[in-house]
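Below is one structure, written out as structure tokens; the observations come after it.
Number of protein chains: 4
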Amino acid sequence: MDAIERARKVGETMFAVDTASRLTMGMELLVCEPGRAVLRMPIKAMHLNGHQICHGGFIFTLADTTFAFACNSHNKNAVAAGCSIEFLKPVHQDDVLTCEGLEQTLSGRHGIYDMRVQNQRGEVVAMFRGKSAQIAGTVFPE
Amino acid sequence: MDAIERARKVGETMFAVDTASRLTMGMELLVCEPGRAVLRMPIKAMHLNGHQICHGGFIFTLADTTFAFACNSHNKNAVAAGCSIEFLKPVHQDDVLTCEGLEQTLSGRHGIYDMRVQNQRGEVVAMFRGKSAQIAGTVFPE
Amino acid sequence: MDAIERARKVGETMFAVDTASRLTMGMELLVCEPGRAVLRMPIKAMHLNGHQICHGGFIFTLADTTFAFACNSHNKNAVAAGCSIEFLKPVHQDDVLTCEGLEQTLSGRHGIYDMRVQNQRGEVVAMFRGKSAQIAGTVFPE
Amino acid sequence: MDAIERARKVGETMFAVDTASRLTMGMELLVCEPGRAVLRMPIKAMHLNGHQICHGGFIFTLADTTFAFACNSHNKNAVAAGCSIEFLKPVHQDDVLTCEGLEQTLSGRHGIYDMRVQNQRGEVVAMFRGKSAQIAGTVFPE
Chain C
0 MDAIERARKV GETMFAVDTA SRLTMGMELL VCEPGRAVLR MPIKAMHLNG HQICHGGFIF
60 TLADTTFAFA CNSHNKNAVA AGCSIEFLKP VHQDDVLTCE GLEQTLSGRH GIYDMRVQNQ
120 RGEVVAMFRG KSAQIAGTVF PE
Chain X
0 MDAIERARKV GETMFAVDTA SRLTMGMELL VCEPGRAVLR MPIKAMHLNG HQICHGGFIF
60 TLADTTFAFA CNSHNKNAVA AGCSIEFLKP VHQDDVLTCE GLEQTLSGRH GIYDMRVQNQ
120 RGEVVAMFRG KSAQIAGTVF PE
Chain V
0 MDAIERARKV GETMFAVDTA SRLTMGMELL VCEPGRAVLR MPIKAMHLNG HQICHGGFIF
60 TLADTTFAFA CNSHNKNAVA AGCSIEFLKP VHQDDVLTCE GLEQTLSGRH GIYDMRVQNQ
120 RGEVVAMFRG KSAQIAGTVF PE
Chain W
0 MDAIERARKV GETMFAVDTA SRLTMGMELL VCEPGRAVLR MPIKAMHLNG HQICHGGFIF
60 TLADTTFAFA CNSHNKNAVA AGCSIEFLKP VHQDDVLTCE GLEQTLSGRH GIYDMRVQNQ
120 RGEVVAMFRG KSAQIAGTVF PE
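Protein chains in written order, with numbering that gives the first Met the number 0: chain C, 0 to 141; chain X, 0 to 141; chain V, 0 to 141; chain W, 0 to 141.
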């Protein structure tokens with residue numbers, strides 16, 4: 000199995016059982032490649048906080064899920080060891096968010112991944128940086 | 000109106016219209032005092048990710064909501080200007096999370112708030128730090 | 000050796016060989032107790048950046064050193080696994096900064112420590128949060 | 000004056016008066032372009048902590064200085080509104096660090112900048128993300 004096929008299978012395997020991201024939040028998995036993932040999330044009334052804008056926690060959740068796919072894409076189990084987020088623009092109902100995650104460095108067991116969340120006009124609404132640590136095990140047996 | 004009564008009314012006003020926190024995530028507002036808030040969130044199947052543990056994004060969301068109540072509790076509109084989170088322990092279905100947020104400093108328009116998320120056994124599962132900036136306006140007219 | 004004596008000896012041992020903190024930056028070690036450390040740094044012309052205020056990197060350095068003493072105080076080698084800082088007020092020449100670091104949680108190998116940097120008027124100028132990971136070895140043989 | 004010439008003049012103006020970066024830490028300014036800066040810092044005995052590796056605070060200081068040049072390069076005064084750093088590899092005496100800072104987004108008064116610190120073998124030793132806010136004034140009159 001080559002790296003591209005492996006990453007695609009990691010994505011399908013993880014997404015099938017991710018209730019929080021798929022069912023509760025309504026995300027779609029668009030791409031899972033080696034060191035890269037793209038997910039999409041349409042913003043609905045259920046995502047709005049008291050200011051009638053999307054709760055920042057749900058933007059974080061989209062980016063955190065994208066991070067998980069990108070850092071597990073080599074089929075070596077990896078977990079988040081820290082993350083930070085910057086919120087840049089408010090997100091409104093009926094916006095459609097797309098998050099792209101990219102591996103910046105992977106050295107030994109530790110990696111850095113950058114997630115960029117954009118709305119349907121291509122405006123960056125948030126940037127998330129995650130640090131990963133590989134642990135024992137694989138996403139699917141190989 | 001004194002500071003304690005004001006904070007309580009801020010809490011009720013904000014929580015009533017916060018669809019994301021109250022209805023989607025199932026949080027309860029326990030306390031909203033000057034510079035302090037406590038919220039609770041029981042973890043259900045809908046909160047679980049592919050590892051069958053609570054999605055980190057939802058723990059962030061609980062802390063971010065608590066932060067919003069604590070930093071708006073003086074009835075001056077405040078927004079998040081940055082935040083970071085550390086995840087310390089996995090959270091499982093049927094755990095009940097309680098998050099307490101406390102003002103650490105408030106100087107001019109800028110404040111620092113620390114949120115501590117604990118499970119029903121009193122174990123700290125996450126720590127979140129938020130920086131706030133006051134903007135124009137109030138939560139309720141006064 | 001009890002915990003208090005052990006922490007004091009950790010502090011003396013580490014500080015004696017810390018060229019960067021002691022000689023280059025001019026810090027003094029005031030306290031090293033179990034899970035707590037206090038250091039002081041007078042601000043001189045050498046610390047000033049182009050705005051004629053203390054370079055934020057040196058405030059970070061003071062807090063990072065304090066973090067190292069607090070998280071090694073149990074005489075188990077510990078390293079930083081991530082940190083964040085918020086700068087709250089500018090620092091000027093002839094200010095004297097004091098940084099107190101306190102253990103917030105220590106569970107297994109991982110701890111969270113909060114450092115608070117104050118000037119000689121007791122104003123908080125920066126807050127730093129560090130996550131530590133214990134590794135093999137001790138600061139001094141025991 | 001075009002954008003490239005303006006950025007170069009910003010760099011020269013700021014660096015000339017930055018005692019902390021130039022004299023105390025021994026940095027060299029290599030590039031100051033619109034939204035981009037590169038600085039270099041050779042690691043000497045004065046930079047070493049008690050583990051005989053470069054103090055993390057000085058790596059932070061190099062990245063923070065690079066951030067300042069990149070976010071002021073448009074000749075509009077800008078200040079740091081938050082930053083985070085990940086340390087990836089230890090740095091030793093006689094290593095030569097190079098830090099490149101790049102503007103990721105600049106929208107209205109707020110920008111995000113990523114700094115990447117590498118050693119003389121091209122290994123990434125730290126990654127720093129800074130959020131800037133433009134304030135009144137310019138670096139040099141124009």
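Every residue gets a Cβ at the ideal spot worked out from N, C-alpha and C, and that includes glycine.
{"query": "Identity of the residues DSSP links to L96 (chain W) by a beta bridge", "result": "W:M40"}
{"query": "Residues that F180 (chain X) contacts on chain C, provided the C-beta gap is smaller than 7 angstroms", "result": "Missing from the structure shown is residue 180 (chain X); chain X here goes from 0 to 141 and no further."}
{"query": "Own chain partners of F14 (chain W) with C-beta closer than 7 angstroms, once the 5 adjacent residues on each side are dropped", "result": "R21 and L28"}
{"query": "Residue-level contact to chain C via CB, S106 (chain V), 8 angstroms cutoff", "result": "no"}
{"query": "Selected residue, minimal CA-CA separation from K8 (chain C), among C:K88, C:K130 and C:A69", "result": "C:A69"}
{"query": "8 angstroms contact criterion, which L47 (chain C) and A19 (chain X) should meet: CB distance rounded", "result": "6 angstroms"}
{"query": "8 angstroms Cβ cutoff met for I84 (chain C) and M126 (chain W)", "result": "no"}
{"query": "Three CB pairs or more closer than 8 angstroms across the region 63-82 of chain V and the region 29-40 of chain W", "result": "no"}
{"query": "Interface residues of chain V facing S83 (chain C) [CB-CB closer than 8 angstroms]", "result": "S83"}
{"query": "Meets three-Cβ-pair contact criterion under 8 angstroms: the region 70-81 of chain X and the region 73-80 of chain C", "result": "no"}
{"query": "Below-8 angstroms beta-carbon distance, V90 (chain V) vs any chain W residue", "result": "no"}
{"query": "Where Q133 (chain C) meets chain W, residues with beta-carbon distance less than 9 angstroms", "result": "What Q133 (chain C) touches in chain W: nothing, since even the nearest Cβ is about 14 angstroms away."}
{"query": "Reference M40 (chain W); option with closest CA among W:A132, W:T23 and W:P140", "result": "W:T23"}
{"query": "Same chain only: Cβ atoms within 6 angstroms of F57 (chain W), ignoring 5 sequence neighbours per side", "result": "H46"}
{"query": "For A2 (chain W), the three-state DSSP class (helix, strand or coil)", "result": "helix"}
{"query": "Nearest neighbour of F59 (chain C), chosen from C:T97, C:R120 and C:M0 [CA to CA]", "result": "C:T97"}
{"query": "V123 (chain C) (DSSP reduced to helix, strand or coil)", "result": "strand"}
{"query": "Residue-chain proximity (N48 (chain X), chain C), Cβ-Cβ < 8 angstroms", "result": "yes"}
{"query": "Candidates W:Q51, W:G25, W:A6 and W:E11, of which the one nearest E32 (chain W) by Cα", "result": "W:A6"}
{"query": "Assigned secondary structure, L47 (chain V) (DSSP; H/G/I helix, E/B strand, else coil)", "result": "strand"}
{"query": "Nearest-angstrom Cβ-Cβ length linking V95 (chain C) and Q119 (chain C), presumed shorter than 8 angstroms", "result": "5 angstroms"}
{"query": "K130 (chain X) at chain W interface by Cβ criterion, 8 angstroms", "result": "yes"}
{"query": "Contact with chain C by T23 (chain X), beta-carbon distance below 8 angstroms", "result": "yes"}
{"query": "Burial state of E102 (chain C), where buried means 16 or more other Cβ atoms lie within 10 Å", "result": "buried"}
{"query": "Residue-level contact to chain V via CB, M40 (chain X), 8 angstroms cutoff", "result": "no"}
{"query": "Beta-carbon gap between Q148 (chain W) and K43 (chain W) smaller than 8 angstroms", "result": "A question about residue 148 (chain W) goes unanswered here, because the residues of chain W that appear run from 0 up to 141."}
{"query": "Under 9 angstroms from the C-beta of V114 (chain X): neighbouring residues of chain V", "result": "It should be pointed out that residue 114 (chain X) corresponds to Met in this sequence rather than to Val. By Cβ distance, chain V contributes nothing, its closest Cβ being about 12 angstroms from M114 (chain X), past 9 angstroms."}
{"query": "Where K75 (chain X) falls: helix, strand or coil (DSSP)", "result": "coil"}
{"query": "Neighbourhood of E141 (chain C) by C-beta distance below 8 angstroms, restricted to the same chain and skipping five residues each side", "result": "M0, R5 and N74"}
{"query": "Straight-line gap, M114 (chain X) to E11 (chain W) (C-alpha atoms, nearest Å)", "result": "43 angstroms"}
{"query": "6 angstroms Cβ shell around S106 (chain C) - same chain, five flanking residues per side excluded", "result": "none"}
{"query": "Inter-residue CB distance, V16 (chain V) and G49 (chain W) (contact presumed, cutoff 8 angstroms)", "result": "4 angstroms"}
{"query": "Per-residue contacts from V16 (chain X) into chain C (C-beta, under 7 angstroms)", "result": "G49"}
{"query": "V123 (chain V) to A79 (chain X) span [Cα, whole Å]", "result": "20 angstroms"}
{"query": "Per DSSP, the bridge partner or partners of D113 (chain C)", "result": "C:L101 and C:R128"}
{"query": "Opposing strand residues paired with L28 (chain X) [DSSP bridges]", "result": "X:L38"}
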